[in-house]
Structures are given as C-alpha cells and as structure tokens.
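Residue numbers (this note's numbering), protein chains in the order written: chain A, 56 to 218; chain B, 60 to 150.
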Amino acid sequence: MLIRRLKENSIELMDIEPIEAELLRQVPGVCDSGGDSRSEARLFSSPASSTEGQFLNDWTEYVQPGLRHLFLSARTTVKEDLEKLPELKGHRGRLVVPRTHCDAWLNALNQARLILATKFNFTDRELSMHEAPKWFSRRDMVLQQINFYAEVQERIIDVIEDE
Amino acid sequence: MAETVVETKVETSLGTPWNVVVHDDPVNLMSYVTMVFQRIFGFSKQKAQHHMLEVHQKGRSIVWTGARERAEFYVQQLHSYLLLATLEKAE
C-alpha cells in the first residue's frame, strides 16, 4: 500500500492489498475498549498526582467527556471513510481520504495501537521489534497489526509534513 | 496648592509556576510526538525533537512551565492526542 498526497485537499491510499484493507477495517472496532478497565485507564490517563484531588474530580467531570467524544468522533470518521473502500476480491484497492480527516485517522490509529498494546501486554522491547517471527501466535499477529498501523501513521505524518 | 499624589500599588500574584510533563510511552511514535509538540507549543522541529528524545531517553520531559490555568489547558491538549501528560508544581 502506498499513501500519497493526491490533491491539495486529499490523500490517496493506493495499491491496498486485501489483508491491508481488512486490517484497516478493523480499526474502529479495535478502538472500542469494550469497557476494559486497563484500556480505559490508558486512553484516559491521569493528568496529575492524587494530591490534586479537586482538579482530578473536575477533569473526570468536565474534560473526560470531551475527550471521549473526540475519540469516538475520530473512529466514526475513519469508519465512514472506510465504507467507501469496496470489497477487494483478489485485487488491490484505492481509497481517497479528505485532508481534513487525517487527524482523525492519526487519532484512531493511535487508539487502536494503544488498546492492542495494553490488552496484549506488549513490552517496550517487543514493540520496537520489527522482524517477523518464524511462526505466528495470535499475539505475534497482533504485534504485526500494531506495526502495520504504525506504518500507516508514519506515512500520513510524512504526507502532512510535506505540505 | 499642594498636589496630592496617590500611588496605587498593583500587586500581581503570579503564584507558583506549574510544569507540563510528558512521560514516555512505548506506543506513541517519535514522529507523532514531535508533530504534536510542534502543533501545541509552536516549537521548531529541532526543539520538538529535543523534547521528544528527552521523553524517550529519560522517561519524561518538562515541555512547558508557567501559570496553572495555561498548564491545565496544555495537558488537556496533549491528552487529546493520547500522550501521557501531567501537570506538577515547579520546584
């Protein structure tokens, strides 16, 4: 898959392999923590030490709902963009994403990577490994999925920074 | 006639400065963290990379120091990008 700037107002994901399309389609679902407390704790991390009781209470009451809405909105944007990607039956696909959606994509991909890394307890060392294992367990597959999302993020950032 | 000069002493309470601290996180990409620092704080790419590397190598970096209200705003912004950020009193 290649990602490039198409026009001033959009980016193009081209030569999308069926497996890549499948992984992209999983992003919005993966972002749903399903109420998993550890994933929630990572998405909504503490902004101060426990001595800042009043601030933490205010944060939970007033700031967290806004963050939750932002994260959900990013997932929804990505989901709606991906609905324009046709089913790929053995051939490569193409998707055009409005430039204004790039932040939502970066945010949703980050959510997906954070949740997968938290759920599967990946260590720093594992997350920085890029060589493919000799055999694949479910956990190895998830690590490849995290790395794929990281590559997509990197390419989107490259495109944004080229502007 | 004698002039009366009234001096008004204006006291500005600056209060304790607060640090905005970003903590290391193995998931967030270096390029992503650099981009976020540039966007939120208006850092040059070089300065943003310096703080990003400090986070990566030392586990944390103080990216801004100043008034409490502003520090809270920056922490909120950093959380919206899913970075691990806290505010703490500057020593």
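Here a beta-carbon is modelled for each residue, glycine too, at the ideal position from N, C-alpha and C.
Run of the alpha helix (DSSP H) containing residue i, from where it starts to where it stops
i      : result
A/P153 : Careful: A/P153 lies outside any alpha helix (DSSP H), inside the beta strand (DSSP E) at G148 to P153.
B/H82  : Here B/H82 belongs to no alpha helix (DSSP H); instead the beta strand (DSSP E) covers W77 to H82.
A/V82  : V82 to V85
A/D158 : C157 to K174
A/S65  : Per DSSP, A/S65 belongs to no alpha helix (DSSP H); it is in the beta strand (DSSP E), S65 to I71.
A/I57  : What sits at residue 57 of chain A in the sequence shown is Leu, not Ile. Per DSSP, A/L57 belongs to no alpha helix (DSSP H); it is in the beta strand (DSSP E), L57 to K62.
A/N202 : R193 to E216
A/L143 : Here A/L143 belongs to no alpha helix (DSSP H), and DSSP marks it neither H nor E.
A/F177 : Element bounds for A/F177: n/a, residue is neither H nor E.
Same chain, Cβ closer than 7 Å to residue i, neighbours up to 5 away in sequence not counted
i      : result
A/I215 : C157
A/G148 : I71, A76, L140 and P141
B/P76  : T124, G125 and A149
B/M111 : M89, V92, T93 and F96
A/R47  : Any property of residue 47 of chain A remains undetermined from this structure, which presents chain A solely from 56 to 218.
Cβ distance (whole Å) where residue i is taken to contact residue j below 8 Å
i      : j      : result
B/L141 : A/L98  : 7 Å
A/P102 : B/V134 : 5 Å
A/A167 : A/T132 : 14 Å between Cβ atoms; not a contact.
A/I212 : B/M89  : The Cβ separation is near 10 Å, so there is no contact.
B/A130 : B/L146 : 5 Å
A/S88  : A/S94  : 4 Å
A/R180 : A/I58  : That pair is no contact at about 28 Å.
B/I121 : B/N87  : With a Cβ gap of about 18 Å, B/I121 and B/N87 do not count as contacting.
Pick from the options that is closest to residue i, judged by C-alpha positions
i      : options                          : result
B/V80  : B/E128, B/M89, B/A126 and B/V114 : B/V114
A/F231 : B/D84, B/F100 and B/I121         : Coverage of chain A is limited to positions 56 through 218, which leaves residue 231 of chain A absent and any answer about it impossible.
A/A205 : A/E77, A/K174, A/Y117 and A/L169 : A/L169
B/F96  : B/A126, B/L143 and B/E128        : B/L143
A/L143 : A/L78, A/P73 and A/T115          : A/P73
B/F100 : B/Q108, B/G74 and B/W123         : B/W123
A/H124 : A/E138, A/C86, A/D136 and A/F110 : A/C86
A/R80  : A/A163, A/N162 and A/K134        : A/K134
A/Y117 : B/F132, B/S120 and B/R119        : B/F132
B/S139 : A/G108, A/L122 and A/D136        : A/L122
A/S65  : A/M184, A/D136 and A/W114        : A/D136
A/T173 : A/V152, A/A96 and A/L78          : A/A96
A/A163 : A/S192, A/L78, A/R180 and A/F191 : A/L78
A/F126 : A/V82, A/R194 and A/F203         : A/V82
A/F203 : A/L111, A/M184 and A/H146        : A/M184
Bounding residues of the beta strand (DSSP E) (the contiguous stretch that carries residue i)
i      : result
B/A144 : A144 to K148
B/G125 : R119 to G125
Residues of its chain near residue i, where Cβ-Cβ distance is below 8 Å and the 5 sequence neighbours each way are ignored
i      : result
A/E63  : R154
B/G74  : A126 and R127
A/N165 : Q208
B/G118 : H82 and D83
Spatial neighbours of residue i in its chain, beta-carbon cut-off 6 Å, leaving aside the 5 residues before and after
i      : result
A/V197 : L171 and F175
A/L150 : L68 and L140
B/L137 : A144
A/A129 : A159, N162 and A163
Inset, instruction - Below 8 Å between beta carbons is the criterion; list the residues of the stretch 133-146 of chain B that meet it against any residue of chain A, in chain order. - result: The residues in question are V134, Q135, H138, S139, Y140, L141, L143, A144, T145 and L146.
Inset, instruction - Return the residues of the stretch 159-184 of chain A that lie within a Cβ-Cβ distance of less than 8 Å from chain B, sorted by chain order. - result: Cβ contacts with chain B: L161, N162, N165, Q166, R168, L169, A172, F177, T178, D179, L182 and S183.
Legend entry - Residues of the stretch 113-127 of chain A whose Cβ lies closer than 7 Å to any Cβ of chain B, in chain order: Here the close residues are V118, L122 and L125.
Legend entry - Near-chain B residues of the stretch 62-84 of chain A (beta-carbon distance less than 8 Å), N- to C-terminal order: Within the stretch 62-84 of chain A, not one residue has a Cβ closer than 8 Å to any Cβ of chain B.
Inset, instruction - May I ask you to list, following chain order, the residues of the stretch 83-106 of chain A that have a beta carbon less than 9 Å from some beta carbon of chain B? - result: For the stretch 83-106 of chain A, the set of positions with a beta-carbon nearer than 9 Å to some beta-carbon of chain B reads R97, L98, F99, S100, S101, P102, A103 and S104 in chain order.
Legend entry - Positions along the stretch 78-90 of chain B whose CB lies within less than 9 Å of some CB in chain A: Closer than 9 Å at the C-beta level to chain A, one finds these residues of the stretch 78-90 of chain B: H82, D83, D84, P85, V86, N87, L88 and S90.
Legend entry - Selection of the stretch 106-135 of chain B by Cβ proximity to chain A, strictly under 7 Å: Hits within the stretch, in order: V134 and Q135.
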